[in-house]
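Q:
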Amino acid sequence: MAVAAIAGCLFLKRKKRGDGKWTRNRVIITALISLLLFTLLVGLQFVRFAAANPIPVYSLKMPEEYINYTISRVNGSLWAKVDGTYPLTKFSIECQDQALSGDTLPMVYPTPPDTTNISVKMDKTELEWSNYTQIVPDAVHYTALGDWPMINCTIQPVLDQFMLKIHYEHPIMLMNGSCTFLYDLNISPYLSPWSNKSTAHFNINFETGYTDFQANTIATDGTLNPVEYTVTKETTAETVSLQVVSDYSEPLPGDLLISFNEGNESEQTNSGFLGSSLRTEHGYALVAVIVIAVVAMAGCLFLKRKKWDEGELIGDKL
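Following my numbering, the numbering of the sequence shown begins with 1197 at its first residue and continues without gaps.
1) Going by Cα to Cα distance, which pick from T1395, I1331, T1431 is closest to M1346?
2) Taking a contact to mean a Cβ-Cβ separation below 8 Å, would you say T1413 touches I1267 in this structure?
3) What three-state label does DSSP hand T1285 in the structure shown?
4) With respect to the alpha helix (DSSP H) encompassing Q1439, which residues constitute its N-terminal and C-terminal limits?
5) I need the straight-line Cα distance from A1415 to E1324, nearest angstrom please.
6) In whole angstroms, what separates the C-alpha of N1382 from that of E1322?
7) Between the C-alpha atoms of S1384 and P1449, what's the straight-line distance to the nearest angstrom?
8) Check whether the Cβ atoms of D1451 and A1340 lie closer than 8 Å to each other.
9) Quickly, what does DSSP pair Y1338 with across the bridge? List them, please.
10) So for Q1352, helix, strand or coil by DSSP?
11) Would you kindly report the start and end of the unbroken alpha helix (DSSP H) that includes T1329?
12) Whole beta strand (DSSP E) runs in the stretch 1364-1425 with 3 or more residues, listed along the chain?
13) Go to P1447, then tell me how far its beta strand (DSSP E) extends in each direction, as first and last residue.
14) Would you kindly report the start and end of the unbroken beta strand (DSSP E) that includes E1261?
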């Protein structure tokens, strides 16, 4: 303000004191200069305030995720039912480049071709979703099995902790003579220096017979790396369990690629006396019972035959 007054006085000394018109102009010019400098000073103070109090930002971390597959036959074709559970935690960070802000979080999720029965929940709340690729045709997600469409939904409000659950079903494709499906392990948005590791837990429940099971991660360049797994035998099915660990400090493993061949007809159906899977505990028990029964019947026939032969021998002697 002092600068504005001094500048006005120096400029006005060049005019006569008795000029009334000039007096009015002098007042207007002085007011304008003062207003301009005042605006600049207020703006400077606002910038300083904003720098000292930035808009709160956050990121999301997901140290664990759980994906359950159920492989079954539907109308003569193999289908996969997928249930993904994703525990998410919001935390504040200082790095603006990796931060989110606001109370609304838009999310996209890739789905295999011909996916049906899609359901998205945040905790117990059903979320509305839409086909993002239909709205934006170029919005596809590249995978080793081709370009996948994407769905999108909005999470609001963004809680400090919440559980995202996604269910969908899709047909299993035949590739190079094997039944093949892929899970898109797009974990990079949830890895950071503040959350540097995430483990994906997979359970694949087979309700049909299968052979030659293979599990691999496939990188963006097509490199395959085998994944160790365990098999649990149950009454009517078998479950394959495996884990994929992603580390922020290492190259990402890529997506999970599963392939297998179908078993024979007797292994695929649970109907009928001899049609149940022989690889289950009940199957083994059934085989044991049949073997014991056959041995017992053979023993009885042998004893009867022996007694009959002895009777004939006694008759001949008489």
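Glycine residues also receive a C-beta, built at the ideal position from the N, C-alpha and C atoms.
A: This is what the structure holds:
1) Within the sequence shown, the letter at position 150 stands for residue 1346. Relative to the Cα of M1346, the nearest Cα in the group T1395, I1331, T1431 belongs to I1331.
2) Here residue 1413 refers to the residue found at position 217 when the sequence shown is read from its first residue. Here residue 1267 refers to the residue found at position 71 when the sequence shown is read from its first residue. No, Cβ-Cβ distance for T1413 and I1267 is not below 8 Å.
3) For this step, residue 1285 is matched to residue 89 along the sequence shown. Here DSSP, grouped into helix, strand and coil, assigns T1285 to strand.
4) The residue labelled residue 1439 in the question sits at position 243 within the sequence shown. Run containing Q1439: none in the alpha helix (DSSP H); it sits in the beta strand (DSSP E), 1434-1443.
5) Indexing the sequence shown from 1 puts residue 1415 at position 219. Indexing the sequence shown from 1 puts residue 1324 at position 128. So the two alpha carbons sit approximately 32 Å from each other.
6) Numbered from its first residue, the sequence shown carries residue 1382 at position 186. Numbered from its first residue, the sequence shown carries residue 1322 at position 126. Approximately 23 Å, taken between the alpha carbons.
7) Taking the sequence shown and counting its residues from 1, the one referred to as residue 1384 is at position 188. Taking the sequence shown and counting its residues from 1, the one referred to as residue 1449 is at position 253. Put simply, the backbone Cα of S1384 is about 11 Å away from that of P1449.
8) What you label residue 1451 is simply residue 255 of the sequence shown in a count that begins at 1. What you label residue 1340 is simply residue 144 of the sequence shown in a count that begins at 1. Contact: yes.
9) Within the sequence shown, residue 1338 is the residue found at index 142, counting from 1. Per DSSP, the beta-bridge partners of Y1338 are D1343.
10) Residue numbering aside, residue 1352 sits at position 156 when the sequence shown is read from its first letter. Residue state, collapsed to three classes: coil.
11) For the purposes of this step, residue 1329 is taken as residue 133 along the sequence shown, with counting starting at 1. First-last of the alpha helix (DSSP H) with T1329: 1328-1331.
12) Those beta strand (DSSP E) runs which fall completely within the stretch 1364-1425 and span 3+ residues are 1369-1371, 1374-1379, 1393-1402, 1406-1414, 1420-1422.
13) Looking up residue 1447 in the sequence shown gives position 251. Premise fails: P1447 is in no beta strand (DSSP E) and is neither H nor E.
14) Here residue 1261 corresponds to residue number 65 of the sequence shown, with the count starting at 1. Start and end: 1260-1270.
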